[in-house]
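The structure under discussion appears below in the form of structure tokens.
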Amino acid sequence: MKYEIDEFGYYGEFGGAYIPELLYNNLYQLKAAYKEIITDEPFIGMLNELLNDYVGRPSPLYHAKRLSEYYRTNIYLKREDLNHTGAHKINNTIGQILLAQRMQKTRIIAETGAGQHGVATATVCALMGLECIVYMGAKDIERQHPNVERMQLLGARVVAVHSGSQTLKDATNEAIRDWISHPDDTHYIIGSVVGPDPYPEMVAHFQSIIGKEIAEQLKEKTGNEKPTAIIACVGGGSNAIGAFHHFLPYEEVALYGVEGGGDGIYSGRTAATLVQGKPGIIHGSKTYLMQDADGQIEEPYSISAGLDYPGIGPLHAHLFKENRVQYMHATDTEALRAAYQLMKLEGIIPALESAHAFAALEKIKFTLTDKVVVNLSGRGDKDLTTYINHKQQ
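Note that the sequence shown covers residues 1 to 393 in my numbering.
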């Protein structure tokens, strides 16, 4: 029970539902529906069928031989980049769109930073014939334009957000405002393990298939389902929770979460929430967030749009406080270097978010017999312009 949510929606002291009164009924209905579907055999059957036949699960666990030789250990890549839409985000949107249908919602909204969650939401809305509105910061629209075009091709309306830093935080603010204005017919598909209860638990549940598959696949390949370590990038934290969740009770499995260090944690341009943050309230839950002495949210920065968020999921905050997960950061430069190395050694172009996880391999000492799993949460098609521009410098 140490890492499970309690009846009030908290992981330890973090979580809860700090929301406007207009959303109370929505969240009450959502929590009731979610609790019902997680043991509903027809729902589980539909979900598994779509995950297998539409998403393409299970995603491979690939032994990266050349990367392993370089770091003198055994490195396995969980290939979430090979899912339909190119990232882990589809695991959650498939689950939530089925839940929205169960609740008879006809209008779907979402927020997105890197665009992967927006694409996954637009995809499942097209699949189910539902209206889709995606809020995205104007800055992120510029740097992740290929994903904007994909969302639009899939029939979604992408709404540019020009307030604040024009990134993920501001897109989330606008999505919440929309939900308050349309409480009856709208379901808000949150893309990470953030937000008010039951969203952190629900997204973690839908993403936990990643860790379950790692255990099964590693046992098949090595005879032991438990790796020495799992490494994943952390923005809000859904891909990391997905990879970690199954292994939380096993203290012998080391877990590493890598935040976006930006230009450096003391540069004033960083997204390393757990280094720079302190407890507070953001987007409906209590967690760690970057804030000034007056409690005003500080603007985060990362070269990666998906890590450019001033908070973190409340379960991550709890795991940090309990010292169950070791959290570190990688700067823009370190992430780019790790990405180019993966391209050269394994012929894989990772998402910039995932590149931060690979940067941790330079910071952690492993042995020849260790088994290390890196969660390759997304592919780098959307980041090609950034990679090309920095390679030419």
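C-beta: ideal position from N, C-alpha, C; glycine also. Here the structure is a predicted model, which means the values were calculated and not measured.
Per DSSP, what kind of secondary structure is LEU289 in: helix, strand or coil?
Counting from one through the sequence shown, the residue named residue 289 turns up at place 289. Strand at LEU289.
Report yes if the CB atom of HIS329 is closer than 8 Å to the CB atom of GLY380, and no otherwise.
Stepping through the sequence shown from its first residue, residue 329 is reached at position 329. Stepping through the sequence shown from its first residue, residue 380 is reached at position 380. The answer is no: Cβ separation not under 8 Å.
Mind checking ASN239: buried by the 16 CB within 10 Å criterion, or exposed?
Residue 239 sits at position 239 when you count from the first residue of the sequence shown. Counting Cβ neighbours within 10 Å, ASN239 comes out buried, since at least 16 surround it.
To which residues of the same chain is GLY280 closer than 6 Å at the C-beta, ignoring the five residues directly before and after it?
Within the sequence shown, numbered from 1, the residue matching residue 280 stands at position 280. Correct list, in chain order: LEU289, GLN291.
In whole angstroms, what separates the C-alpha of GLN296 from that of PRO310?
As a working note, residue 296 is residue 296 in the sequence shown. As a working note, residue 310 is residue 310 in the sequence shown. C-alpha separation (whole angstroms): 11 Å.
Report yes or no: do the segment 307-327 and the segment 185-197 share at least 3 C-beta pairs separated by less than 8 Å?
Contact between the segment 307-327 and the segment 185-197 is present, because at least three Cβ pairs lie under 8 Å.
What ranges does the beta strand (DSSP E) occupy inside the segment 173-199, keeping only unbroken runs of at least 3 residues that lie completely in it?
Fully enclosed beta strand (DSSP E) runs of 3 or longer: 186-189.
Reducing DSSP to helix, strand and coil, say where PHE14 ends up.
On the sequence shown, residue 14 is found 14 positions in, with the first residue counted as 1. Correct three-state label for PHE14: strand.
Between LEU345 and TYR70, is the Cβ-Cβ spacing less than 8 Å?
As a working note, residue 345 is residue 345 in the sequence shown. As a working note, residue 70 is residue 70 in the sequence shown. Against a cut-off of 8 Å, the Cβ pair of TYR70 and LEU345 comes out as a contact.
Does GLN96 pass the burial test, meaning 16 or more other C-beta atoms within 10 Å, or should it be called exposed?
Numbered from its first residue, the sequence shown carries residue 96 at position 96. Burial call: buried.
Assuming the contact rule is C-beta atoms closer than 8 Å, GLU80 and GLY378 should be a hit. Round their C-beta distance to whole Å, please.
Residue numbering aside, residue 80 sits at position 80 when the sequence shown is read from its first letter. Residue numbering aside, residue 378 sits at position 378 when the sequence shown is read from its first letter. 7 Å between Cβ atoms; contact.
What's the C-alpha gap between LEU67 and TYR28?
In the sequence shown, residue 67 corresponds to position 67, counting from 1. In the sequence shown, residue 28 corresponds to position 28, counting from 1. Cα-Cα distance, rounded: 47 Å.
LEU345 lies in the alpha helix (DSSP H); which residues open and close that run?
The count along the sequence shown starts at 1 and reaches residue 345 at position 345. Per DSSP, LEU345 belongs to the alpha helix (DSSP H) from 332-346.
Quick one: give me the first and last residue of the beta strand (DSSP E) that PRO146 is part of.
Reading the sequence shown from its first residue, position 146 is the one you call residue 146. Note, PRO146: premise wrong, no beta strand (DSSP E); alpha helix (DSSP H) at 145-153.
Taking 8 Å as the cut-off, decide whether the C-beta atoms of VAL374 and ILE75 are in contact.
Working through the sequence shown from its first residue, we reach residue 374 at position 374. Working through the sequence shown from its first residue, we reach residue 75 at position 75. For VAL374 and ILE75, yes; Cβs fall inside 8 Å.
Locate the beta strand (DSSP E) running through LEU255, then write down its first and last residues.
For the purposes of this step, residue 255 is identified with residue 255 of the sequence shown, where counting begins at 1. 254-262 is the span of the beta strand (DSSP E), which, as asked, contains LEU255.
Please confirm if the segment 136-149 is in contact with the segment 261-280, defined as three or more CB-CB distances below 8 Å between the two stretches.
No, they do not touch.
Can you list, in chain order, the residues of its chain with a C-beta nearer than 6 Å to that of LEU361? Leave out the 5 residues immediately preceding and following it.
Residue 361 sits at position 361 when you count from the first residue of the sequence shown. Answer for LEU361: TYR71, listed in chain order.
Going along the chain, which unbroken runs of the beta strand (DSSP E) with 3 or more residues stay wholly within the segment 63-98?
Whole beta strand (DSSP E) segments, 3+ residues: 74-79.
Taking the alpha helix (DSSP H) that MET128 falls in, what are its first and last residues?
By 1-based counting over the sequence shown, the position of residue 128 is 128. MET128 -> alpha helix (DSSP H) spans 116-128.
Within 10 angstroms of the Cβ of ASP140, are there 16 or more other Cβ atoms? Answer buried if so, exposed if not.
In the sequence shown, residue 140 corresponds to position 140, counting from 1. Answer is buried; the Cβ neighbour count reaches 16.
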